[in-house]
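J.: Just passing along the structure, written as C-alpha cells.
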Amino acid sequence: MFSRKELQRCLLISLWFVFLTFPIMVIKVDPFERLVYWRWENILYVAVGSFFLSLLFRMLLRKNEGGGAEALGADSLEKTPIVTRILETPKYRNTLMLTVLTAALVFPHIFSTYQTNIMITALMYVVLGLGLNIVVGLAGLLDLGFVAFYAVGAYSYALLHLHFDIGFWIALPIGGFLAAMFGIVLGFPVLRLRGDYLAIVTLGFGEIIRLVLENWGDFSQGPSGISSIARPGFFGIELSLNSAIIYTYYLMIIAIIITIFVVNRLQDSRLGRAWIALREDEIACQAMGIDKRKTKLVAFSLGAFWAGIVGVVFAAKTTFINPASFTFLESAIILSIVVLGGMGSIVGVIVGAFILILLPEYLRALSEYRMLAFGAVLVMMMVFRPQGMIAAIRKTYTFKKDDQE
Amino acid sequence: MDTPILEVSKMTMDFGGIRALDKLDLEVYSGEIAALIGPNGAGKTTFFNCLTGIYVPTRGDIFLNPPSGGKKVDLKGLLPNKVTEHGLARTFQNIRLFPRMTVLENVMIGRHCRTKAFIVGAIFRGPATRKEEKEILDMSYAILEQVGLQKFVNEYAQNLPYGAQRRLEIARALATEPSLLLLDEPAAGMNPQETQNLDELIRDISKGGLAILLIEHDMKLVMSLSDRIYVVDYGKKIAEGKPEEIRSNADVIKAYLGE
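Chains as they are written, first to last, in my numbering: chain A, 930 to 1334; chain B, 514 to 772.
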C-alpha cells in the first residue's frame, strides 16, 4: 500500500515534529517549586500521532490526485457533483429552498436570543460574501480591502444618526450608495492593475480608511467610536431588546433574499458575462469589444454597495462602532468565505459564510484549540478542494434545433 | 478600383531601440482574402496588435472605411474595444478563449458591443432586455452552426478539442459583426484534415462579403485561399501581389530559405 520511500518520509516528518515540539511538549518548568519536569512519554504520543497523520495525508492526497485525473477526462457538464445536480433540478431545488426558508423563518422562535444573534452575524457575512463575490468571484479582481466599504456603510449611518438624527431606513440606501461611490473612487487608480498588484493597492486602501477613522477624531470620534446608535425602526414603535434582535434577523433574511435574487440575475446577464470574460482573459475580453474600465468600475461599485448596506445594519445591530471592527482580518475572513465556498458560486458563498462564522462559535468547546482546528480545516480545504466547496457552474441553454438532430 | 476597407500607411512600431515594423503600407479590399506572411519574428503579430489597439504604433495611420458607406474612421490610438466596435475583429495566435465559460457564452461575449442592457436591465429583466437576450442567443447559436460547433453549445471552452477551440475563436470574432476579420495563424497546430476544414470555413465566411486578413505559416492554405499576399521580413514589406507572383518572387524565396 505504501512504498518504503513513503514510509521513510513519514518517519522523517514525525522525527521532525518531535524535535519541533520538544520544548513545549516535554519540558515543563514549575517556577515556584523550582523544578523541571521531563515528560518523556509525550515524545511517543507526538511521534506516533504525526506519523499516522502524515500517512493519512499522503493517502488522501493520492486519492485526490487519482480523482483529479478522472474528472479531467470526463464531460464536465454531464458529470457534475451531486450538490450541483440537486441545485440544477428544479424539483429538488424548490424543495430545498422551501425547507431552508422555513427553517430560517422559525429559527428565532426556537432558539435563544444568543443563537439568533450569532445567526444575524452569519447572515451579514453571507451578504458581504455575495458582494465580494461580484468583485473577486465574477470579475476576478482580488480585493483585500473590502472591509473599507463595510466601514463606510457603518460610519455613514452612525454619523448621520449622530449629527442629523437620521433613521435607519433613510440611512440604509445612503450607506449603500456612499460605499458604491467609494468603490468607484478605489476603482479609478487600480484600473490598470491586476493580480498581486491590485491586491496590494486594495489592501492599502482598506488600511487608509481605517486609519483615517482612527485618527481623525473631529470627524469620527477616533478609537473611542460612536455609541448609542438607534436600532432599526419599526413604524415608530419601541421594541424590546429581544424583539429588536428578532426584527433585525428578519431584516437580514429579506436582505439576503434580495441579494441572492440580484446577484443571480446579474451573473447570467450581459454584464455578468462581461465580468467573467474579464476574469478569464483581460486582453481577449477587450478585443471582443468589452469596455474594460466601465466593467471593472461597475464591479467594484456594485460589490461595495452590498458591503455598505451590511455596514448600516451592523451599526444598527451593535448600536456601537469603532475602527477596531474594520481591521484587515475582516477583509481576510470575507475573502476566505468567497474562496472557501467557491468563487462565483452563490450557494458556495452562503455555505462558506455559515461554516466560517459558525464554526469558530460552536468550536468554543475546544477553547484555545479552536483557532488551530479552524486553521487546519482551511488548509485541508484548499489542498483537497481548491475550487471551493461548491464550484460555480455556468448556465446551460437548450435550443429547439437540438431535438431535430 | 473601389476604396479599400482598411488603409494602413507607413506604420512604424518601435520597442525601445528595436524597430518591429518599418513604414508598412497595406490595404484590404471589400470581399477579398488577403494574407500577411513572413518568417518568424517578422512583425506580423505586432502588426495585428497595432491594428487592434493593443499597441499604439509609433508612427503611421490606420483608416477604416465602413462598407456600409459611413465616414472614414481613424483607428490609431483607440482602445481595443472601440476598434472592435468600429468593425475590426480578431483571433489570437495562442488561443485566448474564456476557458471557464461555455462555448455558447464565449460567442455571446462577442455580441456585447452590439447590445446595451446594463445594471437595471440585468436586475429587472424588462421586455427590452429579454428581447435583446433572445436575439443574442439566437444569433450566437446561428454562428455556432455556421462554424459547426452546435453540438458543443453547453460545453466549457477549455474542454474542446484543439481544432474546435480555433473555430470557436473565429465564431466569437464573427459575433461582433465585423467588416474586417483578422485571423492570426488559424491553422497553427492543426492536422491536414482540420486544415482542410478550416480552408472551407474561411471560404464560407468570405462568401458573405466579409473581408479577411490572414496571418499564416501553412503555405498550402495561404496559396489556396488568398486573393493577395503581403510578405514582410524584419518589419519591412518585401513583396506584395497575387499568390503566383509571390511564389516566384526572388526576395521572398531569399527571406524564407536564405541565399
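Glycine included, every Cβ here is placed at the ideal spot set by N, Cα and C.
From a predicted model like this one, the values you see are computed outputs, not experimental measurements.
Express the C-alpha separation of Arg685(B) and Thr1224(A) in angstroms, rounding to a whole number.
T.: Taking the straight line joining both Cα atoms gives about 19 Å.
J.: Within 8 Å (strictly less), CB to CB, does Lys750(B) reach chain A?
T.: no
J.: Would you say Pro570(B) lies against chain A (beta-carbon separation less than 8 Å)?
T.: no
J.: Evaluate the contact criterion for the region 1233-1251 of chain A versus the region 646-654 of chain B: three or more CB pairs, one atom per stretch, below 8 Å.
T.: no
J.: Assuming Gly1273(A) and Ala1108(A) make a contact with CB atoms under 8 Å, what is their CB distance in whole Å?
T.: Contact doesn't hold; Cβ gap of about 22 Å is too wide.
J.: On the three-state DSSP scale, how would you describe Lys589(B)?
T.: coil
J.: Apart from the five residues just before and just after Leu778(B), which ones in its own chain have a Cβ nearer than 8 Å to its Cβ?
T.: Because chain B in this structure spans residues 514 to 772, residue 778(B) falls outside the shown range and cannot be described.
J.: Closer than 7 Å between beta carbons: that is the criterion. Which residues of the region 660-671 of chain B meet it against chain A?
T.: Near chain A, meaning a CB-to-CB distance below 7 Å, the residues of the region 660-671 of chain B are Val666, Asn667, Glu668, Tyr669.
J.: Helix, strand or coil, according to DSSP, for Trp967(A) in the structure here?
T.: strand
J.: Name, going along the chain, the residues of the region 1212-1224 of chain A whose beta-carbon falls closer than 8 Å to a beta-carbon of chain B.
T.: Ile1212, Ala1213, Cys1214, Gln1215, Ala1216, Met1217, Gly1218, Ile1219, Asp1220, Lys1221
J.: Tell me which same chain residues have a C-beta within less than 6 Å of the C-beta of Ala555(B), skipping the five on either side of it?
T.: Val745, Asp746
J.: Chain A partners of Ala635(B), CB-CB under 8 Å?
T.: Arg1194, Leu1195, Ser1198, Arg1199, Leu1200, Gly1201
J.: Tell me which same chain residues have a C-beta within less than 6 Å of the C-beta of Ser719(B), skipping the five on either side of it?
T.: Only Ile546, Ile725 meet the Cβ criterion.
J.: Could you pull the DSSP bridge partners for Glu520(B) from this structure?
T.: Glu540(B), Phe576(B)
J.: For Arg609(B) versus Ala1184(A), is the C-beta distance shorter than 8 Å?
T.: Cβ atoms of Arg609(B) and Ala1184(A): not closer than 8 Å.
J.: Taking 8 Å as the threshold (C-beta atoms), are Gly1124(A) and Leu1071(A) in contact?
T.: yes
J.: According to DSSP, Val745(B) sits in a beta bridge with which residue or residues?
T.: Lys750(B)
J.: Could you give the distance in angstroms between the alpha-carbon of Gln1316(A) and the alpha-carbon of Glu1259(A)?
T.: 22 Å
J.: Output yes if chain A places a C-beta closer than 8 Å to the C-beta of Gly582(B); else output no.
T.: no
J.: Within 10 angstroms of the Cβ of Gly529(B), are there 16 or more other Cβ atoms? Answer buried if so, exposed if not.
T.: exposed
J.: Which residue or residues does DSSP assign as beta-bridge partners of Leu727(B)?
T.: Ala548(B), Leu696(B)
J.: Tyr769(B) to Arg741(B), Cα distance in whole Å?
T.: 18 Å
J.: Kindly say whether Arg1323(A), judged by its beta-carbon, lies nearer than 8 Å to any beta-carbon of chain B.
T.: yes
J.: Could you tell me whether the Cβ atoms of Asp600(B) and Leu693(B) are closer together than 8 Å?
T.: A small correction: the amino acid at residue 600(B) is Gly; Asp does not occupy that position in the sequence shown. In contact: Gly600(B) and Leu693(B) (Cβ atoms closer than 8 Å).
J.: With a threshold of 8 Å between beta carbons, is Gly676(B) in contact with chain A?
T.: no
J.: Using a cut-off of 8 Å between C-beta atoms, extract the partners of Phe1229(A) located in chain B.
T.: None at all; the shortest Cβ gap to chain B is about 13 Å.
J.: Measure from the alpha carbon of Thr565(B) to the alpha carbon of each residue in Val596(B), Asp587(B), Lys585(B), then state which is nearest.
T.: Val596(B)
J.: Of all Cβ atoms in chain B, is any one closer than 8 Å to the Cβ of Ala998(A)?
T.: A caution first: Ala998(A) carries a pLDDT of 45, below 50, which makes its placement in the model unreliable, though a value can still be read off. No, Ala998(A) lies away from the interface with chain B (no Cβ there is under 8 Å from its Cβ).
J.: From the DSSP secondary-structure annotation, give me the bridge partner or partners of Tyr1326(A).
T.: As computed with DSSP, Tyr1326(A) is found in no beta bridge at all.
J.: For the candidate residues Arg1022(A), Pro1289(A), Leu1088(A), Ile1263(A), whose alpha-carbon lies nearest to that of Asn1251(A)?
T.: Leu1088(A)
J.: For the alpha helix (DSSP H) holding Val958(A), just list the boundary residues, first then last.
T.: Val958(A) -> not in any alpha helix (DSSP H); beta strand (DSSP E) instead, spanning 956-959.
J.: The beta strand (DSSP E) that contains Leu1071(A), what's its start and end?
T.: No beta strand (DSSP E) holds Leu1071(A); DSSP gives it neither H nor E.
J.: Could I get the ranges of all uninterrupted alpha helix (DSSP H) runs contained in the region 587-651 of chain B, with 4 residues as the minimum, in chain order?
T.: Considered as a whole, the region 587-651 of chain B harbours 593-598, 616-623, 632-637 as its complete alpha helix (DSSP H) runs of no fewer than 4 residues, in chain order.
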